[in-house]
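Number of protein chains: 2
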Amino acid sequence: MEIQILIMHTELLAHIKRFVSLTPEEEKIVKGYVHTQDVKYKELVLKSGQVCDAYYFVVKGVLRMYTLTDNGTEHIVQFAIDNWWMSDYTSFDTQKPSLFSIQALEPTTVIVIDKKVQETLFQEVPKLERYFRLIFQRAYTATLMRVHFIFSSSGEARYHHFNNSFPEFVQRIPQYMLASYLGFTPEFLSKIRAKKI
Amino acid sequence: MEIQILIMHTELLAHIKRFVSLTPEEEKIVKGYVHTQDVKYKELVLKSGQVCDAYYFVVKGVLRMYTLTDNGTEHIVQFAIDNWWMSDYTSFDTQKPSLFSIQALEPTTVIVIDKKVQETLFQEVPKLERYFRLIFQRAYTATLMRVHFIFSSSGEARYHHFNNSFPEFVQRIPQYMLASYLGFTPEFLSKIRAKKI
DNA sequence: AGCGCTTCTTGAACTAGATTAAGATTTTTC
DNA sequence: GAAAAATCTTAATCTAGTTCAAGAAGCGCT
């Protein structure tokens with residue numbers, strides 16, 4: 043068990059070190075402030091209406107973030123797979139209820155930074171400000187690219203593009219969720235697939 | 043002129059200080075590394091195909107970031123007004139050509155951080171890492187909310203929502219650009235407006 | 001191995017929004 | 001202040017994608 047946790051933390055530290063260097067002491071501090079959590083299939087780590095009180099780093103598995111519209115339909119805003127962070131950062135900062143829910147689509151292991159330690163951790167390891175500056179920058183530009191794709195290509199083109207870019211991932215999630223992420227109905231996705239094989 | 047520039051810089055420093063505290067020395071360093079630039083109506087600060095080599099902070103005016111699709115139609119990915127940063131951060135970091143163009147929609151004044159000084163500036167004033175961490179976090183979550191709106195509401199609903207949220211801004215830009223930003227055609231926007239007055 | 005639940009498919013009728021094209025209005029320029 | 005350019009409107013036709021409904025596969029569970 044101890045060894046297991048160590049390996050988990052190693053994944054996060056390796057990821058951080060892709061962006062900033064860390065001294066052994068800093069590594070130790072980070073390890074001291076985070077913890078791992080196992081999330082069962084279909085379990086929620088955040089439920090809309092509740093306040094988000096952690097950042098989640100996916101070590102293994104898949105999370106989805108989604109909203110419920112008035113008429114009861116779900117809309118997937120984003121997925122997180124290995125080495126991605128997910129949270130409702132606005133709810134986290136303002137401590138107001140979140141519009142979003144975050145759910146595991148597989149048995150998933152996450153590393154957690156809790157609200158109550160986040161500021162202290164960032165003060166003790168200021169390099170994390172830079173690390174997250176770069177993480178948010180990437181997430182932001184990736185989301186802008188997504189807006190660009192939504193506006194400039196048809197649903198069919200978006201499906202093929204996503205399929206070509208992340209073929210392994212498409213295998214792992216139900217098609218109706220992919221449809222929701224791409225912004226159309228499962229029936230329409232079925233039709234696209236029927237055309238071309 | 044000197045006074046004018048000082049006022050400009052004050053706007054940026056005031057904005058930074060909404061997120062992090064700055065000592066007088068740090069303020070001085072920041073002032074030393076940035077400069078202002080006046081951008082004429084319709085002038086481009088970034089042209090797609092070129093490498094983006096600066097961050098731009100809008101002091102006064104409006105910028106738009108857009109792409110050209112194969113068939114020649116423009117798609118506006120975002121606007122920047124007073125106190126917003128705009129850049130193609132991916133192109134900036136990788137020094138690869140940008141897909142986007144950035145253009146002024148009014149005579150606009152920006153404060154510029156050039157690529158060649160950015161790393162040095164951040165090293166000398168590490169608080170800027172935190173500042174931009176928070177800036178990117180907001181930009182990221184705002185863009186996620188936009189994706190949510192695109193998927194969960196009709197074009198008409200999006201128009202009314204935008205109109206209610208930013209009535210003064212809607213006055214300042216041509217309607218066909220608003221249509222492009224909201225993801226539909228100018229003709230459709232005309233129809234929406236005809237319905238309701 | 002069979003029952004129940006979740007996911008996927010197909011087809012027919014429908015609609016939000018695109019496209020095309022022409023004219024009207026407003027803004028800019030000399 | 002008239003001509004040119006840019007923006008906005010209207011209407012007819014068309015299409016990508018939705019909705020509804022029903023059946024077919026797939027898959028986890030005892």
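Read top to bottom, the protein sequences are chains A and B.
The opening residue of the first sequence carries number 43 in this note's numbering; numbering runs sequentially from there.
The opening residue of the second sequence carries number 43 in this note's numbering; numbering runs sequentially from there.
Where a beta carbon is used, it is the ideal one built from N, C-alpha and C, also for glycine.
Euclidean distance between Cα positions of A/Q213 and A/G197: 19 Å
Evaluate the contact criterion for the stretch 76-95 of chain B versus the stretch 189-206 of chain B: three or more CB pairs, one atom per stretch, below 8 Å. no
Straight-line gap, B/R60 to A/E85 (C-alpha atoms, nearest Å): 38 Å
Should B/F174 be flagged as near chain A, meaning a C-beta pair shorter than 8 Å? yes
Give, in chain order, every unbroken run of the alpha helix (DSSP H) that is at least 4 residues long and sits entirely within the stretch 181-227 of chain B. 197-207, 209-214 and 217-224
Is the CB-CB distance between A/L105 and A/T150 below 8 Å? yes
Interfacial residues, the stretch 185-216 of chain B to chain A, with Cβ spacing under 9 Å: T185, L186, M187, R188, V189, H190, I192, F193, S194 and S195
At a CB-CB cut-off below 7 Å, which residues of chain A make contact with B/T132? T183
Using the beta-carbon of each residue, which ones in chain A are nearer than 8 Å to B/T111? S194
Using 8 Å as the cut-off, can you tell me whether the stretch 170-187 of chain B makes contact with the stretch 171-183 of chain A, which would need three or more C-beta pairs spanning the two stretches below that distance? yes
For A/D80, tell me which candidate among A/E116, A/T227, A/I71 and A/G103 has the shortest Cα-Cα distance. A/G103
Interface partners of B/H117 on chain A, CB under 7 Å: H190, F193 and S194
Straight-line gap, B/A146 to B/Y218 (C-alpha atoms, nearest Å): 16 Å
Note the first and the last residue of the continuous beta strand (DSSP E) segment covering B/F121. E116 to A122
Any C-beta of chain B within less than 7 Å: which residues of the stretch 133-164 of chain A qualify? none
Starting from the beta carbon of A/P168, find every residue of chain B whose beta carbon is closer than 7 Å, and list them in chain order. P168
Own chain, CB closer than 8 Å to A/T111, minus 5 neighbours either side, in chain order: H117
Can you find the residues in the same chain that come closer than 8 Å, C-beta to C-beta, to B/T78, ignoring five residues on each side of it along the sequence? I47, M50, H51, V101, T151, V152, I153 and V154
Alpha carbon to alpha carbon, what distance is there between A/T65 and A/V167? 10 Å
Cβ separation of B/L55 and B/V72, assumed to be a contact under 8 Å, to the nearest whole Å: 7 Å
Applying the criterion that 16 or more other CB atoms from any shown protein chain within 10 Å of the CB defines a buried residue, is B/Y131 buried or exposed? buried
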